[in-house]
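Protein chains in written order, with our numbering: chain A, 2 to 344; chain B, 2 to 344; chain C, 2 to 344. Presented below is the structure to which this report refers.
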Amino acid sequence: MQVAYTTAEIAAFIGAQRIAGSTRQPVRDIAALSSARPGDLSFLGNAKYRSQVADSAATALLLPLDYTGEPKPDQVFLFVDNPSVALAKVCARIEQALWPKPLPGIHPSAVVVPTAKVDATAHIGPLCVVEDGAQIGPGSVLQASVFVGREARIGEGCWLMPGVVLGAGCSLANRVRLQPGVVVGSDGFGYEFVKGRHEKIPQIGVVEIGDDVEIGANSTLDRARFSRTVVGEGTKIDNLVQIAHNVVIGKHCILCAQAGVSGSTTLGDYVILGGQAGLGGHITLGKGSKVGGGAGLASSIPAGAYVNGTPAIPYMLERRIAVLQQRLPDLFKRVEALEKKAE
Amino acid sequence: MQVAYTTAEIAAFIGAQRIAGSTRQPVRDIAALSSARPGDLSFLGNAKYRSQVADSAATALLLPLDYTGEPKPDQVFLFVDNPSVALAKVCARIEQALWPKPLPGIHPSAVVVPTAKVDATAHIGPLCVVEDGAQIGPGSVLQASVFVGREARIGEGCWLMPGVVLGAGCSLANRVRLQPGVVVGSDGFGYEFVKGRHEKIPQIGVVEIGDDVEIGANSTLDRARFSRTVVGEGTKIDNLVQIAHNVVIGKHCILCAQAGVSGSTTLGDYVILGGQAGLGGHITLGKGSKVGGGAGLASSIPAGAYVNGTPAIPYMLERRIAVLQQRLPDLFKRVEALEKKAE
Amino acid sequence: MQVAYTTAEIAAFIGAQRIAGSTRQPVRDIAALSSARPGDLSFLGNAKYRSQVADSAATALLLPLDYTGEPKPDQVFLFVDNPSVALAKVCARIEQALWPKPLPGIHPSAVVVPTAKVDATAHIGPLCVVEDGAQIGPGSVLQASVFVGREARIGEGCWLMPGVVLGAGCSLANRVRLQPGVVVGSDGFGYEFVKGRHEKIPQIGVVEIGDDVEIGANSTLDRARFSRTVVGEGTKIDNLVQIAHNVVIGKHCILCAQAGVSGSTTLGDYVILGGQAGLGGHITLGKGSKVGGGAGLASSIPAGAYVNGTPAIPYMLERRIAVLQQRLPDLFKRVEALEKKAE
Chain A
2 MQVAYTTAEI
12 AAFIGAQRIA
22 GSTRQPVRDI
32 AALSSARPGD
42 LSFLGNAKYR
52 SQVADSAATA
62 LLLPLDYTGE
72 PKPDQVFLFV
82 DNPSVALAKV
92 CARIEQALWP
102 KPLPGIHPSA
112 VVVPTAKVDA
122 TAHIGPLCVV
132 EDGAQIGPGS
142 VLQASVFVGR
152 EARIGEGCWL
162 MPGVVLGAGC
172 SLANRVRLQP
182 GVVVGSDGFG
192 YEFVKGRHEK
202 IPQIGVVEIG
212 DDVEIGANST
222 LDRARFSRTV
232 VGEGTKIDNL
242 VQIAHNVVIG
252 KHCILCAQAG
262 VSGSTTLGDY
272 VILGGQAGLG
282 GHITLGKGSK
292 VGGGAGLASS
302 IPAGAYVNGT
312 PAIPYMLERR
322 IAVLQQRLPD
332 LFKRVEALEK
342 KAE
Chain B
2 MQVAYTTAEI
12 AAFIGAQRIA
22 GSTRQPVRDI
32 AALSSARPGD
42 LSFLGNAKYR
52 SQVADSAATA
62 LLLPLDYTGE
72 PKPDQVFLFV
82 DNPSVALAKV
92 CARIEQALWP
102 KPLPGIHPSA
112 VVVPTAKVDA
122 TAHIGPLCVV
132 EDGAQIGPGS
142 VLQASVFVGR
152 EARIGEGCWL
162 MPGVVLGAGC
172 SLANRVRLQP
182 GVVVGSDGFG
192 YEFVKGRHEK
202 IPQIGVVEIG
212 DDVEIGANST
222 LDRARFSRTV
232 VGEGTKIDNL
242 VQIAHNVVIG
252 KHCILCAQAG
262 VSGSTTLGDY
272 VILGGQAGLG
282 GHITLGKGSK
292 VGGGAGLASS
302 IPAGAYVNGT
312 PAIPYMLERR
322 IAVLQQRLPD
332 LFKRVEALEK
342 KAE
Chain C
2 MQVAYTTAEI
12 AAFIGAQRIA
22 GSTRQPVRDI
32 AALSSARPGD
42 LSFLGNAKYR
52 SQVADSAATA
62 LLLPLDYTGE
72 PKPDQVFLFV
82 DNPSVALAKV
92 CARIEQALWP
102 KPLPGIHPSA
112 VVVPTAKVDA
122 TAHIGPLCVV
132 EDGAQIGPGS
142 VLQASVFVGR
152 EARIGEGCWL
162 MPGVVLGAGC
172 SLANRVRLQP
182 GVVVGSDGFG
192 YEFVKGRHEK
202 IPQIGVVEIG
212 DDVEIGANST
222 LDRARFSRTV
232 VGEGTKIDNL
242 VQIAHNVVIG
252 KHCILCAQAG
262 VSGSTTLGDY
272 VILGGQAGLG
282 GHITLGKGSK
292 VGGGAGLASS
302 IPAGAYVNGT
312 PAIPYMLERR
322 IAVLQQRLPD
332 LFKRVEALEK
342 KAE
């Protein structure tokens, strides 16, 4: 990063509610409390690190309104409702400066079929392929080496990073961001076992991705056997996540890295899957339910449930059992002692 | 999808054994029993949904011969041996209409080295790379941005989707289908620890994929340290699956999403791995054996075995223990009570 | 492979300390002890296979100095300190013959922005994209369809295989090898929950990869929220591994396939993660610690620790509990019997 902001500029970006201390140093980088050096901006995003503020060498610190310490000389405290949100605003500003949005137009090396409808304000980067009847909406960016299949549709303000594959007939609504290597619209995994062989069931449905969805690098989303695989508005999916055919994911869900969802499973709104969690097929997760990291869930859970472990059970029970399991060696000894006594 | 078939046309495609009811409506889409609307084709593929047939609004329904209900007005029942297979036939017909096979030839943007042997009936799509001495057989399709390395061989009727990488010397037999982003022939993960450093062991073997194999999006198959990593005829591999070097997979296996197989492990024919299952290295899974979803298996299992859990144990035992584990809090109390009594 | 070496040539490559037996056959392939045929080179890399040496049909065998058997007629034993290392030397020789290093230069189909600095000895293969201000060092190879983002830096002797994405501002030191489909520099997975929506926290840091690192196919490494995600010198990462933002990995670590490391976690030098292991965020793994395959670790562990299971606990304890768990059905019966007696 090669940036420099005065603390006054930063206070203005973030709408600081109170400022304490002063400095003439510009801010040139961002760092965690404990590793920050002069010239850095830091922040208290998690109460657990509160004690590190006093020792931080950062030039400017974003702090919650209830923080009570005083800045050191040549150091500025900027008080805000939510330091993490404030930091995000600073980062967004830096992001714009560092990676400006590419200009509209189609790179000469891209292969765009004439029947495709590319909005004049869209950017089709080098070595992209856009097939028959595909539509690319206003301001959307295909960065490089992106594949958009037949009749696929991309709304406004989407960003498809290098190596993304959007299969035929699949659609992205608006402001969807696909990290590098994402595959949307691979075939669902469906076979019938006939005379000793697995006969392929054609997968002729699509994938529909809602507004403001983000999908992480190399994640895969299968097209429906028929009809639709759906990812609801505002849902965020991490890297290397697998979404099988006919899955329906609600709005504003969080799916952490390497989670997997089997076919025809439905997630309500605001569901959270921990990393490497695995869901069986044809089940339903109620609104706001949560599955712990690495958990394996084979049956439906109601709204608000929080499950953990494999097979997944209610979180508090799972935690209790995990502790008791470590006491099994002792339990076996105790039972043996009882048996001896009882002889 | 923009299709329309009469119910008589569909009855003919699938060889319906009996027809009940009638309609003049064409079929324009396919949907599940409970979500079907007029104009949709639906089917009873799983006995569990039998009760939904009577309420389904589908215009045409594919039903097993033993189904005893009657169609509603303006609705058609088509009776067949296996409704799922019949549906697959309809889907295959739709698939052909929607995604016609590309014409033979090499797209001008593809980079095909003159020493490569590309059959005149093959299709090399835009921005593909085909290196020295590679062979592409009759009717095979490299859709777009596919990489085929030196001396790699592709048989007849294969389909490599966008972003596939087929490494040097690796081979696909006939009718192999590789979903987007599949990597065949990455280096095996092999190092010797010498003087505090991991020294790379060159991986100079290949990967050989048999007839009618399908591999899911972004799955990875490593080339052998030497000799061959093998996937047998008819085996189907889902998305994000990892196959390590020198693994030998038999015929007609099923490997569900995110499963992983460590080096030099051998799977017999008809083995099934559940999603996220993990296999240790240098073990053997007998013919027709099955590993549950998320299970972790570190030792060999005989033909027909069905194991689950981590460490994986026989399925029925694992189920029983999973139930008993949930009763551990109670067991600890019971032992405590016994101890008090015994004092 | 189409190679042929005399046994004398091989003895010279590897610096054999002793030779027994003789043959006029050249070595044309490499195979495991049990599957080797005449014309093959084989080796005893693992004492477990010692009994297979006597029956091996290999023409030449690499054996440890303490092996005591005699070769058959027309067979040669080559004795060395470490047969696996010796084999690696043979393989490296074969590798050079089979896959010669590409010549320097930029393929005409590559899209290299004029502001990029490409060393004259580097090779930019077909259909690569190199963006503004990127630097490619001496002897580095971008094989095909590789993307190198703005201001990214690649040192000397690196090899980026087909489909690799190296994001803006990220850097590879020297002799880094990225297998096909690796993504370095995708956005970290960071959101703030504000008014019912997940607001993206811009991820403006980078990824820094040290000397001699190798990363397996389709693995993903996220850029830091700010500052750096780091992979230390000599670390080897297998396929489909997920490294989240702000992770710091030490030197000479081994991360097996499908392992996942959550955000801001730190691995000391020489840490080993088994396949499918999952680490929580914001924890520290001490130098030389080891996490078993499939284990789930949510808290820090000290140097030298070896943990297993989910939740991960010390390896020996986990093994003992795994055994006791299988005896739970029996334990429940024993407690029941005690209860009856105590009535």
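Note that beta-carbon positions come from the ideal geometry of N, C-alpha and C, so glycine has one too. Everything numeric in this text was worked out from a predicted model, so none of it was measured.
Nearer than 8 Å: is that true of the beta carbon of arginine 176 of chain A relative to any heavy atom of the ligand ATP?
This structure lacks the ligand ATP, and indeed carries no ligand of any kind.
If you follow the alpha helix (DSSP H) that threonine 8 of chain B is part of, which residue opens it and which one closes it?
For threonine 8 of chain B, the uninterrupted alpha helix (DSSP H) run begins and ends at 8–15, by DSSP.
As assigned by DSSP and simplified to three states, the class of cysteine 92 of chain B:
Reduced to three states, the DSSP call for cysteine 92 of chain B is helix.
According to DSSP, which residues form a beta bridge with alanine 19 of chain A?
In the sequence on display, residue 19 of chain A carries arginine and not alanine. Partner(s): A:Phe80.
Taking Cβ-Cβ distances shorter than 7 Å, what residues in chain A pair up with valine 112 of chain C?
Within 7 Å of the CB of valine 112 of chain C, the CB atoms of chain A belong to Ser110, Pro127, Leu128, in sequence order along the chain.
Distance between isoleucine 255 of chain A and leucine 42 of chain A (C-alpha atoms, nearest Å):
Going by the C-alpha atoms only, they are around 28 Å apart.
Residue from A:His283, A:Ile284, A:Pro303, A:Gly281 whose Cα sits closest to the Cα of lysine 291 of chain A
Nearest of A:His283, A:Ile284, A:Pro303, A:Gly281 to lysine 291 of chain A, Cα basis: A:Pro303.
Which of helix, strand or coil does DSSP assign to phenylalanine 148 of chain B?
For phenylalanine 148 of chain B, the three-state secondary structure derived from DSSP is strand.
Would you say alanine 61 of chain B lies against chain C (beta-carbon separation less than 9 Å)?
It does not: the Cβ of alanine 61 of chain B has no partner Cβ on chain C nearer than 9 Å.
Any chance you could list the beta strand (DSSP E) runs of at least 3 consecutive residues sitting entirely within the region 214–245 of chain A, in chain order?
Runs found: 221–223, 229–232.
Let me make sure I understand the geometry here. Which of B:Gly269, B:Val113, B:Gln144 has the alpha-carbon closest to that of glutamate 132 of chain B?
Nearest to glutamate 132 of chain B by C-alpha distance, out of B:Gly269, B:Val113, B:Gln144, is B:Val113.
Are three or more beta carbon pairs between the region 178–187 of chain B and the region 206–215 of chain B nearer than 8 Å?
A contact exists between the region 178–187 of chain B and the region 206–215 of chain B.
Comparing C-alpha positions only, which one of C:Leu143, C:Asp239, C:Arg198, C:Phe227 sits nearest to glutamate 234 of chain A?
Of the residues C:Leu143, C:Asp239, C:Arg198, C:Phe227, the one whose Cα lies closest to the Cα of glutamate 234 of chain A is C:Arg198.
Glutamine 204 of chain A - DSSP class collapsed to helix/strand/coil:
Judged by DSSP in its simplified three-state form, glutamine 204 of chain A adopts coil rather than helix or strand.
Cα-Cα separation, alanine 117 of chain C to serine 220 of chain C
Distance between the alpha carbons of alanine 117 of chain C and serine 220 of chain C is about 26 Å.
Compare the C-beta of asparagine 219 of chain A with all C-beta atoms of chain B and state if any pair is closer than 9 Å.
Closer than 9 Å to some Cβ of chain B, the Cβ of asparagine 219 of chain A qualifies, so yes.
Give me the residue from C:Lys49, C:Leu222, C:Thr24, C:Ser110 with the minimum Cα distance to proline 39 of chain C.
With respect to the C-alpha of proline 39 of chain C, the residue from C:Lys49, C:Leu222, C:Thr24, C:Ser110 having the closest C-alpha is C:Thr24.
Reduced DSSP category for serine 52 of chain C - H, G, I as helix; E, B as strand; rest coil
Reduced to three states, the DSSP call for serine 52 of chain C is helix.
Assign leucine 104 of chain A to one of two classes, buried (16 or more other C-beta atoms within 10 Å of its C-beta) or exposed (fewer than that).
Counting the other Cβ atoms within 10 Å of the Cβ of leucine 104 of chain A gives fewer than 16, which makes it exposed.
Chain C contact for arginine 198 of chain B (CB, 9 Å cutoff)
Interface residue, yes.
Count the C-beta pairs between the region 332–344 of chain A and the region 52–65 of chain B that are closer than 8 Å, then say yes if the count reaches three, no if not.
No: fewer than three Cβ pairs fall under 8 Å.
Backbone CA spacing between glycine 126 of chain B and threonine 60 of chain B [nearest angstrom]:
One C-alpha to the other measures close to 39 Å.
To the nearest angstrom, report how far apart valine 91 of chain B and alanine 313 of chain B are at their CA atoms.
In a straight line, the C-alpha of valine 91 of chain B is about 40 Å away from that of alanine 313 of chain B.
Decide if aspartate 82 of chain A is buried, meaning its Cβ has at least 16 other Cβ atoms within 10 Å, or exposed.
It is exposed - the Cβ of aspartate 82 of chain A has fewer than 16 other Cβ atoms within 10 Å.
From glutamine 76 of chain C to leucine 64 of chain C, what does the alpha carbon distance come to, in whole angstroms?
Taking the CA atoms as reference points, glutamine 76 of chain C sits about 13 Å from leucine 64 of chain C.
Where does valine 262 of chain A sit, in a helix, a strand or coil, going by DSSP?
Reduced to three states, the DSSP call for valine 262 of chain A is strand.
From B:Glu157, B:Gly158, B:Glu152, B:Val184, pick the residue whose C-alpha is nearest to that of leucine 167 of chain B; which is it?
Nearest C-alpha to leucine 167 of chain B: B:Val184.
Short of 6 Å in beta carbon distance, which residues of its chain neighbour glycine 264 of chain B, apart from the five on each side in sequence? Order them along the chain.
Excluding five sequence positions before and after glycine 264 of chain B, the CB atoms of its chain that fall closer than 6 Å to its own CB belong to Ala245, His246, Asn247, Gly282, given in chain order.
If we call anything under 9 Å between Cβ atoms a contact, is glycine 289 of chain B one with alanine 260 of chain B?
The Cβ-Cβ distance between glycine 289 of chain B and alanine 260 of chain B does not fall below 9 Å.
Within 10 angstroms of the Cβ of leucine 66 of chain A, are there 16 or more other Cβ atoms? Answer buried if so, exposed if not.
Taking a 10 Å sphere around the C-beta of leucine 66 of chain A, we find fewer than 16 other C-beta atoms and assign the residue as exposed.
Report all residues from its chain with a CB closer than 6 Å to the CB of alanine 89 of chain A; omit the five preceding and five following residues, and keep chain order.
Taken in chain order, the list of residues that qualify is empty.
Helix, strand or coil for glutamate 193 of chain C? Go by DSSP, reduced to three states.
DSSP places glutamate 193 of chain C within a strand segment (E or B) once states are collapsed to three.
Tell me the DSSP secondary structure of isoleucine 125 of chain B in three-state form.
Strand.
Listed by chain order, chain B residues near glutamate 1 of chain A by CB distance under 8 Å
Within the shown structure, residues of chain A are numbered from 2 to 344, placing residue 1 of chain A beyond reach of any answer.
Which residue wins for smallest C-alpha separation from glutamate 10 of chain B, given the options B:Tyr68, B:Gly22, B:Arg94?
Comparing Cα-Cα distances from glutamate 10 of chain B to each of B:Tyr68, B:Gly22, B:Arg94, the minimum goes to B:Arg94.
Terminal residues of the beta strand (DSSP E) in which proline 74 of chain A lies
Annotation for proline 74 of chain A: no beta strand (DSSP E) segment contains it, and DSSP assigns it neither H nor E.
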